[in-house]
Amino acid sequence: MPDMAYQTLGVLLALAGLALLYRSLLHDRSRGRRRCPKCWYDLRASDSLTCPECGYTAKRERQLLKTRRWWRWATISTVVLFAAATLLLWPKVRRDGLWSVTPTTVLVLIVPWIDNTSVISEISGRDGEFWGWQKRWLIVQLERHIEQYPDHVSNIVDLLWYAHDLPEAVRFAFMGIDRPDDEVSGMCLLVLDREEMRREIVNVIGADRVYRRLSHLAGHTNPEIREASLRLLSPSEETGESLFPIDQIAPIFLSALADENIRVRTWAGCLFAYVNPLPSEVVARLSGWISSDDPTAFVAIIILGGSDMPTDEFDGLARKALRSGSELTRKNALRALCGRGDAVLPILRDALNAAVDPAWREWIELAITAVEEHQPVPQFW
Ligand SMILES: [Zn+2]
């Protein structure tokens, strides 16, 4: 049967149910007629409170003016209305499952006891359209769910996003980073790294505890966790605000510069854009990346370009970076050079003479024009 048929039938049945409900409960009002409230005998002819038919004596006049209600028909109409609702909802239930027509409050109520993730997925699918109290309750219920079904934690972490403005959610995610499952702790770190959560984490957990936890995780055996904790320790990519003073976190990033993982090293290097002057160990490390054409050289050239490194040293590194096998490193070298004034023109011209690839020549020409005409640094991608 097509969906339209269910809906038409549902609407008709609903109208019939409502009509029946009206007739059985509201239709037979007294309208000024005096009637025996027990056998409904018409008492208009008498002034007495006693019914001549069944002998019932009313206590007050008002009792004789009651509306006559048929409770059995009212019950039947309720059943009809229920059937109508079922027909109206059935196409959606068939398509999206029973949970799809269940109110959010009911879903939140039952979520601790459903042993699969279907309810959690349904709640996720509602895109955070909850009331404040529902969200707060949801977090409590999810904690109960996790106690019984620890495997579902990864399904839940995504839901925290919708409650990012709640201290409970921040606390939940912070606890989550201690879960033995690396995937889960990594996800929790990423959730906390979201802009709105970031703002709350220090307020809710306390700067000391957050710092201790994150600096510990920066030495985790899993590189993804090391990377995620460095990201969260780093200043925000959007606002540049940092959860901790740069001086406090710099030593962690300094040791991460030697990490075997490229992404961890990259994040470690990025922090030093905020440090001035650069410690000599950092300069040595970043210069080393450029000299060995390490995949992280693209970060190093930008950071050294913005530092107060002596010009001749930087120029030597820039020449190396312009010969890099990585396009990203070469483009960043152009970008770094463009910010350093006319003195870089010989380096750019040498690079142009050595360049073979026509696309690469175009980029260099773009950079030369920008420097010669004192234009802002071009967008190289
Ligand atoms: Zn009577």
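In this text, residue positions in the sequence shown follow my numbering: the first is 2, and each later residue adds one.
Just so it is clear, CB atoms sit at the ideal spot from N, CA and C, and this is done for glycine as well.
| Query | Result |
| --- | --- |
| Which of helix, strand or coil DSSP assigns to ASP313 | helix |
| Outcome for VAL158 when other beta-carbon atoms lying within 10 angstroms are tallied against a minimum of 16 | buried |
| Cα-Cα separation, THR240 to ALA86 | 50 Å |
| Contact test: LYS39 Cβ vs ligand 1 heavy atom, cutoff 7 Å | yes |
| Touching by the beta-carbon criterion (3+ pairs, under 8 Å), the region 66 to 74 and the region 20 to 38 | yes |
| Heavy atom of ligand 1 within 7 Å of GLU54 beta-carbon | yes |
| Beta-carbon proximity list for GLU148, same chain, < 6 Å, skipping 5 on both sides | none |
| THR222, DSSP secondary structure in three states | coil |
| Reference GLY342; option with closest CA among TRP100, ILE121, GLU169 and VAL372 | VAL372 |
| 6 Å CB neighbourhood of TYR7 in its chain, flanking five on each side removed | LEU88, TRP91 and PRO92 |
| Contacting residues, own chain, Cβ-Cβ under 8 Å from ILE303 (five flanking each side not counted) | ALA274, ASN333, ARG336 and ALA337 |
| Residues of its chain near LYS321, where Cβ-Cβ distance is below 8 Å and the 5 sequence neighbours each way are ignored | ILE291, SER292 and ASP294 |
| Separation of ILE115 from ARG32, as counted between CA atoms | 53 Å |
| Nearest-angstrom Cα separation, counted from ARG61 out to LYS67 | 11 Å |
| Contacting residues, own chain, Cβ-Cβ under 7 Å from GLU201 (five flanking each side not counted) | PRO168 and VAL171 |
| Cβ-Cβ distance between GLY195 and TRP162 below 8 Å | Sequence check: residue 195 is Arg here, not Gly. Cβ atoms of ARG195 and TRP162: closer than 8 Å. |
| VAL57 Cβ short of 7 Å to ligand 1 heavy atom set | Going by the sequence as given, residue 57 is Tyr instead of Val. Yes. |
| Minimum length 4: unbroken alpha helix (DSSP H) runs contained in the region 185 to 218 | 196 to 206 and 208 to 218 |
| Interface flag, GLU144 vs chain C, CB-CB below 8 Å | Given the protein chain composition of this structure (a single chain), no chain C is represented. |
| Reference ASP48, options LEU349, GLU314, PHE131 and LEU65, closest by Cα | LEU65 |
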